[in-house]
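Visitor: Chains A and B, in that order, give the protein sequences.
Numbering of the first sequence is given in the numbering used here, commencing with residue 2 and proceeding in unit increments.
Numbering of the second sequence is given in the numbering used here, commencing with residue 2 and proceeding in unit increments.
Protein chains: 2
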Amino acid sequence: MHVESVSIDFDKAGGLVPAIIQDYRSGDVLMLGFMNSMSFAETQRSGEVVFFSRSRNKLWKKGESSGHVLKVRELRVDCDADAVLIRVEAVGPGVCHEGYRSCFFRALESDGQVKITEERTFAPESVYGQQQEKKA
Amino acid sequence: MHVESVSIDFDKAGGLVPAIIQDYRSGDVLMLGFMNSMSFAETQRSGEVVFFSRSRNKLWKKGESSGHVLKVRELRVDCDADAVLIRVEAVGPGVCHEGYRSCFFRALESDGQVKITEERTFAPESVYGQQQEKKA
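(1) From the DSSP secondary-structure annotation, give me the bridge partner or partners of B:GLU75.
(2) Per the DSSP calculation, A:PHE53 is bridged to which residue(s)?
(3) If the cut is a Cβ gap below 7 Å, which residues of chain B does A:ALA108 touch?
(4) Cβ atoms of B:GLY34 and B:PHE52: under 8 Å apart, would you say?
(5) List, in chain order, every chain A residue whose beta-carbon is nearer than 8 Å to that of B:HIS69.
(6) Let's see if you can read the secondary structure: which residues bound the alpha helix (DSSP H) around B:ALA42?
(7) Quick one: what's got a C-beta closer than 8 Å to A:ASP29's C-beta in the same chain, skipping five residues either side?
(8) CA-CA distance, B:GLN45 and A:SER111?
(9) What separation, rounded to the nearest whole angstrom, lies between the Cα atoms of B:ALA82 and B:VAL7?
(10) Considering only the beta carbon of each residue, do B:MET32 and B:VAL96 sit closer than 8 Å?
(11) Using a Cβ-based criterion (distance less than 7 Å to any ligand heavy atom), does B:ARG57 qualify as near the ligand COA?
(12) Tell me which residue opens and which closes the beta strand (DSSP E) that B:PRO94 is part of.
(13) Less than 8 Å between the beta carbons of A:TYR25 and A:ARG121, yes or no?
(14) Can the beta-carbon of B:PHE105 be found less than 8 Å from the beta-carbon of A:ASP12?
(15) At the level of alpha carbons, what is the spacing between A:SER38 and B:GLU90?
(16) Show which residues of chain B have a CB atom less than 7 Å away from the CB atom of A:MET39.
(17) What do you reckon, are the CB atoms on A:VAL73 and A:VAL92 nearer than 8 Å?
(18) Does the beta carbon of A:ASP10 sit closer than 8 Å to a beta carbon anywhere in chain B?
(19) The beta strand (DSSP E) spanning A:VAL18 covers which residue range?
Right, here's the structure in full:
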């Protein structure tokens with residue numbers, strides 16, 4: 002079924018919406034970034050994920066330094082259009098600047114401890130060198 | 002492997018962090034809400050998801066009116082501790098106040114059209130009546 006159109010509600014939170022990045026094959030959630038209307042438009046146009054970096058206050062093409070780009074396979078929007086879910090093919094061994102496939106590699110356990118739930122898939126220093134491609 | 006502890010960075014975005022809700026069996030992303038430190042603590046304590054509603058400016062226990070509570074199965078935090086991923090067992094036919102299993106039931110297609118990608122799983126008016134339990 003098709004409906005006419007949807008406008009992403011960028012105004013609700015000062016120009017930004019959270020963008021969940023999910024591996025389209027495994028269903029694993031890889032990371033969360035933020036997008037403004039320009040980065041969202043550029044993501045749609047190019048077919049590769051472009052965030053807005055809150056710390057650097059500018060557009061941030063994921064993979065610009067690492068080569069680990071995120072190819073858009075499907076773009077979803079939630080019921081009140083203030084969050085997007087982007088199902089991707091993630092190029093390279095992982096999206097996390099700490100060397101993991103997913104940024105969500107730590108679980109909080111009920112006893113207060115933190116458990117690393119994944120194995121490292123690459124050495125960050127070999128990909129990013131001194132200049133880390135941090136999250137926004 | 003265990004590491005010592007992690008502090009969620011609530012200060013980065015004015016006291017709130019985005020919380021991705023994922024079905025722990027299917028891997029489907031069901032919704033995104035926001036949490037402040039109090040709602041996060043209450044989620045950990047009770048084992049059921051409690052958001053902070055930005056529109057109502059107060060804690061919002063998911064399922065408080067619908068009964069569609071979200072039972073926490075695993076709580077993950079990302080690399081820079083400014084987003085959480087909560088893997089849940091979702092009680093009931095769906096989490097979306099519009100009657101869908103997931104709030105992300107619409108895909109944006111490359112031609113600009115919007116496609117409904119899921120079937121409705123319940124009639125919202127039978128669950129929420131006149132008083133809708135909206136997202137935050």
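Even for Gly, the Cβ is constructed at its ideal location relative to N, Cα and C.
From a predicted model like this one, the values you see are computed outputs, not experimental measurements.
Guide: The structure says:
(1) Here the question's residue 75 of chain B lines up with position 74 in the second sequence. According to DSSP, which records beta bridges pairwise, B:GLU75 is partnered with B:ARG88.
(2) Position 52 of the first sequence, counted from the first residue, corresponds to residue 53 of chain A. In DSSP, A:PHE53 forms a bridge with A:LEU60.
(3) Locating residue 108 of chain A in the first sequence gives position 107, counting from the first residue. Correct list: GLU75, LEU76, ARG77.
(4) Here residue 52 of chain B is taken as the residue at index 51 of the second sequence, counted from 1. Here residue 34 of chain B is taken as the residue at index 33 of the second sequence, counted from 1. Cβ distance < 8 Å, so B:PHE52 and B:GLY34 count as in contact.
(5) Working through the second sequence from its first residue, we reach residue 69 of chain B at position 68. Here the premise fails: no neighbours, minimum Cβ distance about 14 Å.
(6) Within the second sequence, numbered from 1, the residue matching residue 42 of chain B stands at position 41. For B:ALA42, the uninterrupted alpha helix (DSSP H) segment begins and ends at 38-47.
(7) Residue numbering aside, residue 29 of chain A sits at position 28 when the first sequence is read from its first letter. Within the same chain, A:ASP29 has close Cβ partners GLN23, ARG102, SER103.
(8) Walking along the second sequence from the start, residue 45 of chain B turns up at place 44. Walking along the first sequence from the start, residue 111 of chain A turns up at place 110. In a straight line, the C-alpha of B:GLN45 is about 8 Å away from that of A:SER111.
(9) Start at 1 with the first residue of the second sequence, and residue 82 of chain B comes out as number 81. Start at 1 with the first residue of the second sequence, and residue 7 of chain B comes out as number 6. The alpha-carbon atoms of B:ALA82 and B:VAL7 are separated by roughly 7 Å.
(10) To locate residue 32 of chain B, count along the second sequence from 1; it is residue 31. To locate residue 96 of chain B, count along the second sequence from 1; it is residue 95. Annotated as proximal: B:MET32 and B:VAL96, with beta-carbon spacing under 8 Å.
(11) Of the ligands one can find in the structure shown there are none, so the ligand COA has no counterpart to examine.
(12) Against the second sequence, residue 94 of chain B aligns to sequence position 93. Counting along the chain, B:PRO94 sits inside no beta strand (DSSP E), nor does DSSP assign it H or E at all.
(13) Here residue 25 of chain A refers to the residue found at position 24 of the first sequence. Here residue 121 of chain A refers to the residue found at position 120 of the first sequence. No, the pair does not count as a contact, with Cβ atoms beyond the cut-off.
(14) On the second sequence, residue 105 of chain B is found 104 positions in, with the first residue counted as 1. On the first sequence, residue 12 of chain A is found 11 positions in, with the first residue counted as 1. No, these two residues do not count as a Cβ contact at 8 Å.
(15) Reading the first sequence from its first residue, position 37 is the one you call residue 38 of chain A. Reading the second sequence from its first residue, position 89 is the one you call residue 90 of chain B. The straight-line gap from Cα to Cα measures roughly 33 Å.
(16) Residue 39 of chain A sits at position 38 when you count from the first residue of the first sequence. Here the premise fails: no neighbours, minimum Cβ distance about 16 Å.
(17) Residue numbering aside, residue 73 of chain A sits at position 72 when the first sequence is read from its first letter. Residue numbering aside, residue 92 of chain A sits at position 91 when the first sequence is read from its first letter. No; because the gap between Cβ atoms is not below 8 Å, this pair is not in contact.
(18) The residue labelled residue 10 of chain A in the question sits at position 9 within the first sequence. Taking CB atoms only, A:ASP10 has no neighbour in chain B less than 8 Å away.
(19) Taking the first residue of the first sequence as 1, we reach residue 18 of chain A at position 17. Residues 18-24.
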